[in-house]
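Trainee: Mind having a look at this structure? Questions to follow.
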Amino acid sequence: MQATFHALPAAAPPVDDRRAGRVLFAAIGLGVVTQALFWNARLGLDWLVWDLIMIGVTLAVLGRRPLGATAIGASAACALFGLAIVMHHSAFTTWVALPANLAALAALPVIVGEDVGFADLGTVPLRLLRTVGLVPSAIGRTVTLPVDAISVLDEGGRAVAKRSLAGLLVGVPVAGVFAVLLSADAGFAALLGRVEARVGTAASFAVYALITAVVYAFAHALFAKQRAPDASTIAPADAPYRQLDAAGPSPLVSPLTWGLIVGQVAAVFFVYVLVRRDTEFGGHDVIRGRGDLTYAGHLHAGFYQLLLATLLSVGLVVFGHRLLRARDEDTTVPGGARLAAIEGALLVLTGLTLVSCAQRLRIYEEAYGATHLRVGVALVILIALAVLSCTLAKAVFRGFRAFGGATTAAVAACALGASFFDADGYVTRTNLDRVARGKALDFTYLAQLSADACAHADHPVLKEQPYVRKHLILSWAENQRRSRDVRELRGLVRCPSVTP
-8 MQATFHALPA AAPPVDDRRA GRVLFAAIGL GVVTQALFWN ARLGLDWLVW DLIMIGVTLA
52 VLGRRPLGAT AIGASAACAL FGLAIVMHHS AFTTWVALPA NLAALAALPV IVGEDVGFAD
112 LGTVPLRLLR TVGLVPSAIG RTVTLPVDAI SVLDEGGRAV AKRSLAGLLV GVPVAGVFAV
172 LLSADAGFAA LLGRVEARVG TAASFAVYAL ITAVVYAFAH ALFAKQRAPD ASTIAPADAP
232 YRQLDAAGPS PLVSPLTWGL IVGQVAAVFF VYVLVRRDTE FGGHDVIRGR GDLTYAGHLH
292 AGFYQLLLAT LLSVGLVVFG HRLLRARDED TTVPGGARLA AIEGALLVLT GLTLVSCAQR
352 LRIYEEAYGA THLRVGVALV ILIALAVLSC TLAKAVFRGF RAFGGATTAA VAACALGASF
412 FDADGYVTRT NLDRVARGKA LDFTYLAQLS ADACAHADHP VLKEQPYVRK HLILSWAENQ
472 RRSRDVRELR GLVRCPSVTP
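44 is the number that the working numbering gives to position 53 of the sequence shown; each next residue is one higher, with no gaps.
In structure tokens:
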């Protein structure tokens, strides 16, 4: 019986000379385009355009024909994250969509280049980590890329290129020294000042474009033509193969042992939920009935319980499934319906703590209003519920092989949904609804929101207070920071016109 292992990917072979020239000019072109998009511009439409360019280049350079469903889905997710940044001007959208977009773009070369399937989607972080071993060779190929590009020329062309490069490298600093010496003359110094004022911006643009081009060339050297890990075989030990097949590898723990372990943990959760059944899902009376308990303390305690309980429960089930299977075995997880029921009970009880934390968040929001931070807490709860649901499926369906892919896709879906969620509109509507119920208006916080909040400028509460409505609209419109630069286009909501 043979065992397999995944070797580290070999460094990609050097590209041929003609391809080196194409890569060099493409990297320089992309560097110029990137700087043209972002030069002296804020985040907006420029990000979506750059995002689409990066997706297109990745698919063109690394894509195999036909593209797999996972590669298409990952590309679509990258584009949707970029679109969300353009659709909403809210800071919450930036906090969620921008990091998620960068993570998706970082994973896209691996997904496309190695043709990663849905079931193996959870292995992408490890595959990315494995590329660290290729960094030295990629740096070497990036440094020698200009030389490789010149090598495609004939002997006379190579001589001219090398001499021109040498003349520039030596001549520029020498000319700079003479310029400094001659700048003692007032007229010449004034001329240099005028030239610097006009050329300085262009020189800075060129320098940054060159740096960006180097980054693109390095990324190409790191990911292009990178082969997926090949399975290599290891010769079995000197022993009769029939004896090996008969004995086979054995799991580290038995289903009975693991069932007792998980059952005891589930019992602890059950007792906790049973004892706290009145306070976990109680309303304002729970907090007001205890003098030492505040709304913030009530929520924070539940939130920390959420993180700890979810991590422990998910880790316990996933780690246990690894222990229950033989080391080199990839079969159905042993344990049957009984162990699945015990693991499922643990995860369901953990889910109850999540629901109780959501209840605490609702009470806190009702007492003090909605904010970006509280919306973020709700997002964490949603992601935790999604991870728990995937783990529950893994516990119930013992032969489930796509746990990593399903979990990754679920987390990405939550982030994508949060990116398109109108956070500023929700915060505005929730807080104004509180005012309609007799609560105080937090004018200072609402005034800090973006123009997305203008979607609720005609809320009945604001119509009853024209002065407050006018100043909020003016603040929201000012926070939009309109620009004539189309690259900075962001936010589709327009504020109504009011007289300052």
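The C-beta atom is built at its ideal place from N, Cα and C for all residues, glycine as well. Quantities reported herein were computed from a predicted structural model and do not represent experimental measurements.
With a CB to CB cut of under 6 Å and the five nearest residues on each side skipped, what residues in its chain are close to residue 432?
Mentor: Counting from one through the sequence shown, the residue named residue 432 turns up at place 441. For residue 432, where only same-chain residues beyond five positions count, the Cβ hits under 6 Å are 426.
Trainee: At what residue ranges does the region 439 to 484 contain a whole run of the alpha helix (DSSP H), taking only runs of 4 or more?
Mentor: DSSP runs (the alpha helix (DSSP H)) wholly in the region 439 to 484: 451 to 455 and 457 to 471.
Trainee: With DSSP run on the structure shown, which of helix, strand or coil describes residue 416?
Mentor: Translated into the one-based positions of the sequence shown, residue 416 becomes position 425. Of the three classes helix, strand and coil, the one that applies to residue 416 here is helix, per DSSP.
Trainee: Check the C-beta distance from residue 62 over to residue 43 and give it rounded, since I have them as a contact under 8 Å.
Mentor: Within the sequence shown, residue 62 is the residue found at index 71, counting from 1. Within the sequence shown, residue 43 is the residue found at index 52, counting from 1. About 16 Å separates the two Cβ atoms, so there is no contact after all.
Trainee: When you compare the region 50 to 67 with the region 95 to 112, are there three or more beta-carbon pairs, one atom per stretch, that lie closer than 8 Å?
Mentor: In short, these stretches touch, since the Cβ pair count reaches three.
Trainee: Rounded to whole angstroms, how far is the Cβ of residue 342 from the Cβ of residue 376, which I believe are closer than 8 Å?
Mentor: As a working note, residue 342 is residue 351 in the sequence shown. As a working note, residue 376 is residue 385 in the sequence shown. About 7 Å separates the two Cβ atoms, so the contact holds.
Trainee: Can you give me the Cβ contacts of residue 110 inside the same chain, cut-off strictly under 6 Å, excluding the 5 residues immediately before and after it?
Mentor: Counting from 1 along the sequence shown, the entry for residue 110 is found at position 119. Excluding positions up to five away in sequence, the list reads 392, 393 and 396.
Trainee: What's the gap between the Cα of residue 83 and the Cα of residue 197?
Mentor: Here residue 83 corresponds to residue number 92 of the sequence shown, with the count starting at 1. Here residue 197 corresponds to residue number 206 of the sequence shown, with the count starting at 1. Computed Cα separation, rounded: 34 Å.
Trainee: Secondary structure at residue 428, three-state DSSP: helix, strand or coil?
Mentor: The sequence position of residue 428 within the sequence shown is 437, counting from 1. Of the three classes helix, strand and coil, the one that applies to residue 428 here is coil, per DSSP.
Trainee: With a cut-off of 8 Å, do at least 3 Cβ pairs link the region 330 to 341 to the region 246 to 260?
Mentor: Short answer: they touch.
Trainee: Could you please give the first and the last residue of the uninterrupted alpha helix (DSSP H) stretch that includes residue 328?
Mentor: Along the sequence shown, read from residue 1 onward, the residue named residue 328 stands at position 337. Residues 327 to 359.
Trainee: Classify residue 310 as helix, strand or coil using the three-state DSSP reduction.
Mentor: The residue labelled residue 310 in the question sits at position 319 within the sequence shown. Reduced to three states, the DSSP call for residue 310 is helix.
Trainee: So, are the CB atoms of residue 38 and residue 64 less than 9 Å apart?
Mentor: The sequence position of residue 38 within the sequence shown is 47, counting from 1. The sequence position of residue 64 within the sequence shown is 73, counting from 1. Their beta carbons are not under 9 Å apart, which means residue 38 does not touch residue 64 by this criterion.
Trainee: Which of the three DSSP states is assigned to residue 47 in this structure?
Mentor: Here residue 47 is taken as the residue at index 56 of the sequence shown, counted from 1. In the structure shown, residue 47 sits in a helix (DSSP, three-state: H, G or I).
Trainee: Quick check on residue 31: buried or exposed, where buried means 16 or more other Cβ atoms within 10 Å of its Cβ?
Mentor: Stepping through the sequence shown from its first residue, residue 31 is reached at position 40. Flag for residue 31 reads exposed.
Trainee: Is the beta carbon of residue 468 less than 9 Å from the beta carbon of residue 79?
Mentor: Residue numbering aside, residue 468 sits at position 477 when the sequence shown is read from its first letter. Residue numbering aside, residue 79 sits at position 88 when the sequence shown is read from its first letter. No.
Trainee: Of the residues 81, 195, 36 and 58, which one's Cα is nearest the Cα of residue 443?
Mentor: The count along the sequence shown starts at 1 and reaches residue 443 at position 452. If we check each option's Cα against that of residue 443, 81 comes out closest.
Trainee: Could you spell out where the alpha helix (DSSP H) holding residue 388 opens and where it closes?
Mentor: Counting from 1 along the sequence shown, the entry for residue 388 is found at position 397. Here residue 388 belongs to no alpha helix (DSSP H), and DSSP marks it neither H nor E.
Trainee: When the Cα atoms are used, what is the spatial distance from residue 131 to residue 300?
Mentor: Numbered from its first residue, the sequence shown carries residue 131 at position 140. Numbered from its first residue, the sequence shown carries residue 300 at position 309. So the alpha carbons of these two residues sit roughly 47 Å apart.
Trainee: List the whole-angstrom C-beta distance separating residue 305 from residue 382, where the pair is believed to meet the contact cut-off of C-beta under 8 Å.
Mentor: Looking up residue 305 in the sequence shown gives position 314. Looking up residue 382 in the sequence shown gives position 391. Sure, about 5 Å apart at Cβ, within 8 Å.
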